[in-house]
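Numbered as in the numbering used here, the sequence shown ends at 88 without a single skipped number.
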Amino acid sequence: MYNLSRTPKSQVLQTLRVSYDDADKIPTFLEAIKTEVKKLPKIITDGTRPFRAHWRNYEDDHLEVVVDFHFDIKPTGNEYHDNRQQVLEAIFQAATNTGIKFQTSDH
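This is the structure we're talking about:
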């Protein structure tokens, strides 16, 4: 059990569902995500915490991509939630820039 108010760092971990049609775009997409997220303040890229964007798995109806980023921000309050939104915006920008389509469960 952790007291989040005393934890000095936070994580944004996200699983993305990418269409099989975009498999060839995934390497470029992963690099674009990292490039966009590196622009955010307080991102940890010194190797002390994970800084990852990886194609993780084949699923029945999508390709699974996982991103895992850590920040020098407490995991509570507006700063954390604003930062999380900025990460999601960075992922969306990377998807837009590379033409990636996310797969919904409805196909």
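Think of the CB as a built atom: it goes at the ideal place given N, C-alpha and C, for glycine as much as any other residue.
Between I14 and A34, the C-beta spacing is below 8 Å. By the criterion of a C-beta distance shorter than 8 Å, E45 is surrounded in its chain by T(-4), L(-3), R(-2), V(-1), W36, R37, N38, Y39, once the five residues flanking it on both sides are discounted. Per DSSP, L69 is one residue of the alpha helix (DSSP H) stretching across 58 to 79. Taken in chain order, the whole beta strand (DSSP E) runs of length 3 or more contained in the segment 12 to 41 are 32 to 39.
Counting only the Cα atoms, T26 lies some 9 Å from F50.
In the DSSP secondary-structure assignment, F52 is bridged to S(-9), I24. Within its own chain, the residues whose Cβ lies closer than 7 Å to the Cβ of K6, once the five positions on either side in sequence are excluded, are T79, G80, I81, listed in chain order. Just measuring C-alpha positions, the residue of L11, R(-13), S86, A71 sitting nearest V47 is L11.
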